[in-house]
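S.K.:
Residue numbers (this note's numbering), protein chains in the order written: chain Y, 7 to 307; chain Z, 7 to 307.
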């Protein structure tokens with residue numbers, strides 16, 4: 007029996023990042039046929055947006071070196087979108103060659119992470135993004151923009167809200183249809199989420215992308231929903247990013263999110279049982295238990 | 007830098023349940039001197055209310071069979087309260103003999119759990135509580151009441167809000183100073199929390215007690231704070247209750263709660279570093295890693 011909560015949206019889109027953000031941060035390299043099956047299972051569970059892979063150079067992310075082969079092999083389901091991450095013009099070329107119709111780019115909200123991750127400055131990262139976005143839009147390709155380190159980074163501490171807004175509004179100005187505000191190191195708390203979202207002009211163009219490093223992901227999601235955000239990034243089973251401990255989570259687990267949304271009476275179109283069995287199947291292949299609480303509870307009960 | 011959130015309390019009391027609710031659900035039996043040190047470390051970290059142990063019959067909870075010895079040995083810190091759980095008149099007698107000045111009783115919101123846990127009915131459990139509360143109050147002892155299974159139980163499904171209110175208001179009517187509304191199996195979601203709290207006459211006499219079985223504990227806590235609750239039960243390191251998996255959590259972890267409250271600018275008086283080192287110390291003794299995300303992140307960083 008659902009218990010709706012005042013001020014929350016009726017519908018929420020879950021943007022599934024497991025196959026890309028999840029697998030790129032797992033130490034195990036997953037065979038291409040397993041990746042395809044993973045994505046197909048997610049679509050079968052009701053996902054409508056699944057970020058499939060990344061066209062980043064294999065030197066940097068060997069886990070996703072098989073992006074071309076994966077897209078060639080993937081059986082697509084009608085009505086499901088399969089965006090891919092594209093770091094630069096070269097990556098965009100590869101994506102266009104494969105007929106991709108939706109991409110995501112990855113920006114930084116902090117100077118230090120822009121330098122470390124993109125080899126650019128906070129300002130000069132736009133020299134890289136502008137031609138990518140322009141060419142994508144010309145080719146009829148939708149562009150989503152991630153902004154990473156929106157709440158803090160390991161070198162500069164808390165990220166000023168105004169700095170995130172400056173980067174984000176500029177990306178929206180280039181023509182990106184949506185911004186995904188990432189708490190890459192998981193340090194944010196609900197009031198910070200509210201402050202950040204309210205500082206933007208259009209909450210309906212925002213998504214949030216939380217990591218559960220400090221257990222804050224789902225509480226922060228609630229704050230984001232209350233502030234009007236209706237797209238939430240999540241990763242099946244919470245895979246991806248275990249910088250500290252064997253079973254420490256990276257991304258917010260899709261199953262934990264679905265549990266909350268279902269309780270709130272918010273429609274997602276997802277079949278929780280299928281998600282859990284997919285996570286159990288994947289966890290065996292990855293050789294570590296899913297960090298999702300829901301997966302742990304429902305698979306051992 | 008804190009980011010306050012509108013409508014939240016400025017101060018929150020954390021009611022620490024680790025030594026009782028945590029240890030009673032751990033399979034390892036902890037030596038009495040370790041229990042005493044655990045509680046002393048919690049007081050040193052700034053805790054003001056620490057539920058120390060339980061005067062339940064040792065047959066039912068062998069982990070806490072040393073309640074008398076523990077209280078005799080415990081070095082108390084000025085300004086800190088050390089309530090104990092008392093199941094019945096016999097337990098109350100033992101507590102009074104030890105000079106305890108604050109107890110907690112444990113009621114059920116569902117018929118089936120009352121039968122299984124208390125060997126009573128939903129109605130007849132009051133035959134047990136009434137003399138305990140009356141005698142405690144006569145002796146100048148404060149009484150807190152837990153209500154378990156407030157959101158659902160494994161046999162009856164979701165618990166009707168009206169049923170919880172009926173049990174809870176009656177306990178308040180007996181003279182209990184506070185009700186702790188427990189989500190014993192962790193199934194609740196934020197809208198359910200709001201609905202339950204709003205159905206009571208006095209949110210200021212309520213506390214919440216969440217289990218993180220489905221990852222909902224901190225989001226539910228945020229909803230409870232928004233509904234006006236200012237006392238939150240939590241367990242250091244998230245110890246206690248692992249019904250499903252080795253590292254599945256029981257109680258909401260104090261550290262994860264403190265991380266959120268600190269980010270919100272809500273004063274708790276707790277030293278997070280001391281809490282984490284206490285949890286790391288205890289996890290080694292219990293032989294399993296702390297399920298707290300914050301403990302995992304800060305101890306392996």
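Backbone N, C-alpha and C define an ideal beta-carbon position, used for all residues, glycine too. Just so it is clear, the structure is predicted and the values come from calculations on it, not from any experiment.
#1: Which runs of the beta strand (DSSP E) at least 3 residues long sit entirely within the region 101-144 of chain Z? Give them in chain order.
#2: List, in order along the chain, the chain Z residues whose C-beta lies closer than 8 Å to that of residue 262 of chain Y?
#3: Where residue 235 of chain Z and residue 172 of chain Z are concerned, what is the direct C-alpha to C-alpha distance, given to the nearest angstrom?
#4: Give a yes or no on whether the minimum CB-CB distance between residue 278 of chain Z and chain Y is below 8 Å.
#5: Cβ atoms of residue 260 of chain Y and residue 288 of chain Y: under 8 Å apart, would you say?
#6: Does DSSP put residue 22 of chain Y in a helix, in a strand, or in coil?
#7: Would you check if the distance between the CB atom of residue 167 of chain Z and the CB atom of residue 202 of chain Z is smaller than 8 Å?
#8: Taking the alpha-carbon of residue 256 of chain Z as reference, which of Z:284, Z:27, Z:22 and Z:70 has the nearest alpha-carbon?
#9: Under 7 Å Cβ-Cβ, which residues of chain Y neighbour residue 300 of chain Z?
#10: Looking only at its chain, what residues have a beta carbon closer than 7 Å to the beta carbon of residue 118 of chain Z, apart from the 5 residues adjacent to it on each side?
#11: Give me, in chain order, the residues of the same chain whose beta-carbon lies closer than 8 Å to that of residue 39 of chain Y; leave out the 5 immediate sequence neighbours on both sides.
#12: Just list the residues that DSSP pairs residue 148 of chain Y with in beta bridges.
#13: Helix, strand or coil for residue 185 of chain Y per DSSP?
#14: State yes or no: is the beta carbon of residue 115 of chain Z nearer than 8 Å to at least one beta carbon in chain Y?
#15: Taking all protein chains shown into account, do 16 or more other C-beta atoms lie within 10 angstroms of the C-beta of residue 7 of chain Z, making it buried, or fewer, making it exposed?
#16: State the DSSP-derived secondary structure class of residue 216 of chain Z, mapped to helix, strand or coil.
#17: Could you tell me the boundaries of the alpha helix (DSSP H) in which residue 260 of chain Z lies?
#18: Given a cut-off of 8 Å, decide if residue 57 of chain Y and residue 37 of chain Y are closer than it, judged by their beta-carbon atoms.
#19: Check whether the Cβ atoms of residue 23 of chain Y and residue 94 of chain Y sit closer than 8 Å, and answer yes or no.
#20: Out of Y:75, Y:42 and Y:151, point me to the one whose CA is closest to residue 21 of chain Y's CA.
#21: Taking the Cβ atom as the reference point for each residue, do residue 33 of chain Z and residue 102 of chain Z lie within a distance shorter than 8 Å?
#22: Anything in chain Y within Cβ reach of residue 198 of chain Z, meaning under 8 Å, just list it in chain order.
#23: What's the C-alpha gap between residue 220 of chain Y and residue 298 of chain Z?
#24: Using a cut-off of 7 Å between C-beta atoms, extract the partners of residue 292 of chain Y located in chain Z.
#25: Check whether the Cβ of residue 303 of chain Z lies closer than 8 Å to any Cβ atom in chain Y.
#26: Where does the unbroken alpha helix (DSSP H) through residue 203 of chain Y begin, and where does it stop?
#27: Report yes or no: is there a C-beta of chain Z within less than 8 Å of the C-beta of residue 287 of chain Y?
#28: Which bits of chain Z does residue 225 of chain Y rub up against, with CB to CB less than 8 Å?
#29: Among Z:141, Z:194 and Z:42, which has the Cα closest to the Cα of residue 216 of chain Z?
#30: Since residue 238 of chain Y is in the beta strand (DSSP E), which residue starts that stretch and which ends it?
#31: So, under 8 Å CB-CB, residue 155 of chain Y and residue 115 of chain Y are touching, yes? Tell me the CB distance rounded to an integer number of Å.
#32: For residue 64 of chain Y, I'd like the list of residues in its chain whose CB is within less than 7 Å of its CB, leaving aside the five on either flank, ordered along the chain.
M.R.: Taking the coordinates as given:
#1: 108-114
#2: If you number the first chain from 1, residue 262 of chain Y lands on position 256. The answer, in chain order, is 220, 221 and 222.
#3: Stepping through the second chain from its first residue, residue 235 of chain Z is reached at position 229. Stepping through the second chain from its first residue, residue 172 of chain Z is reached at position 166. Their Cα atoms are separated by approximately 19 Å.
#4: Within the second chain, numbered from 1, the residue matching residue 278 of chain Z stands at position 272. By this cut-off, residue 278 of chain Z is not an interface position.
#5: Locating residue 288 of chain Y in the first chain gives position 282, counting from the first residue. Locating residue 260 of chain Y in the first chain gives position 254, counting from the first residue. Not in contact: residue 288 of chain Y and residue 260 of chain Y (Cβ atoms no closer than 8 Å).
#6: Taking the first residue of the first chain as position 1, residue 22 of chain Y is located at position 16. DSSP places residue 22 of chain Y in strand when its eight states are reduced to three.
#7: Translated into the one-based positions of the second chain, residue 167 of chain Z becomes position 161. Translated into the one-based positions of the second chain, residue 202 of chain Z becomes position 196. Their beta carbons are under 8 Å apart, which means residue 167 of chain Z touches residue 202 of chain Z by this criterion.
#8: Counting from one through the second chain, the residue named residue 256 of chain Z turns up at place 250. Considering only alpha carbons, the answer is Z:27.
#9: Here residue 300 of chain Z refers to the residue found at position 294 of the second chain. By Cβ distance, chain Y contributes 220 and 221.
#10: Here residue 118 of chain Z is taken as the residue at index 112 of the second chain, counted from 1. Around residue 118 of chain Z: 159, 161 and 162.
#11: Start at 1 with the first residue of the first chain, and residue 39 of chain Y comes out as number 33. For residue 39 of chain Y, where only same-chain residues beyond five positions count, the Cβ hits under 8 Å are 79.
#12: For this step, residue 148 of chain Y is matched to residue 142 along the first chain. Bridge partners of residue 148 of chain Y: Y:108.
#13: The residue labelled residue 185 of chain Y in the question sits at position 179 within the first chain. Strand, per DSSP.
#14: Taking the second chain and counting its residues from 1, the one referred to as residue 115 of chain Z is at position 109. For residue 115 of chain Z, the answer is no, since every Cβ of chain Y falls outside 8 Å of its Cβ.
#15: As a working note, residue 7 of chain Z is residue 1 in the second chain. Residue 7 of chain Z is exposed by the Cβ-count criterion.
#16: Within the second chain, the letter at position 210 stands for residue 216 of chain Z. Here residue 216 of chain Z sits in strand by DSSP.
#17: For the purposes of this step, residue 260 of chain Z is identified with residue 254 of the second chain, where counting begins at 1. Its alpha helix (DSSP H) spans residues 260-269.
#18: Taking the first residue of the first chain as position 1, residue 37 of chain Y is located at position 31. Taking the first residue of the first chain as position 1, residue 57 of chain Y is located at position 51. The answer is no: Cβ separation not under 8 Å.
#19: Along the first chain, one-based indexing puts residue 23 of chain Y at 17. Along the first chain, one-based indexing puts residue 94 of chain Y at 88. For residue 23 of chain Y and residue 94 of chain Y, no; Cβs fall outside 8 Å.
#20: Position 15 of the first chain, counting from 1, holds the residue named residue 21 of chain Y. It is Y:151.
#21: Here residue 33 of chain Z corresponds to residue number 27 of the second chain, with the count starting at 1. Here residue 102 of chain Z corresponds to residue number 96 of the second chain, with the count starting at 1. No, Cβ-Cβ distance for residue 33 of chain Z and residue 102 of chain Z is not below 8 Å.
#22: Against the second chain, residue 198 of chain Z aligns to sequence position 192. Simply 9 and 269.
#23: Against the first chain, residue 220 of chain Y aligns to sequence position 214. Against the second chain, residue 298 of chain Z aligns to sequence position 292. Rounded to whole angstroms, residue 220 of chain Y to residue 298 of chain Z spans 8 Å at the Cα level.
#24: Position 286 of the first chain, counted from the first residue, corresponds to residue 292 of chain Y. Near residue 292 of chain Y there are no residues of chain Z at all, since even the closest Cβ is about 16 Å away, more than 7 Å.
#25: Translated into positions along the second chain, residue 303 of chain Z becomes position 297. Chain Y, which has a Cβ nearer than 8 Å to the Cβ of residue 303 of chain Z, makes this yes.
#26: Locating residue 203 of chain Y in the first chain gives position 197, where the first residue counts as 1. Note, residue 203 of chain Y: alpha helix (DSSP H), 196-204.
#27: Stepping through the first chain from its first residue, residue 287 of chain Y is reached at position 281. So, not an interface residue.
#28: The residue given as residue 225 of chain Y occupies position 219 in the first chain. Simply 224, 225, 227, 228 and 266.
#29: Looking up residue 216 of chain Z in the second chain gives position 210. Of the candidates Z:141, Z:194 and Z:42, the one whose C-alpha sits nearest the C-alpha of residue 216 of chain Z is Z:194.
#30: Here residue 238 of chain Y refers to the residue found at position 232 when the first chain is read from its first residue. It spans 237-240 - the beta strand (DSSP E) in which residue 238 of chain Y sits, taken as one unbroken run.
#31: By one-based count along the first chain, residue 155 of chain Y stands at place 149. By one-based count along the first chain, residue 115 of chain Y stands at place 109. At roughly 5 Å, the Cβ-Cβ gap stays under 8 Å, so residue 155 of chain Y and residue 115 of chain Y are in contact.
#32: Looking up residue 64 of chain Y in the first chain gives position 58. Within the same chain, residue 64 of chain Y has close Cβ partners 71.
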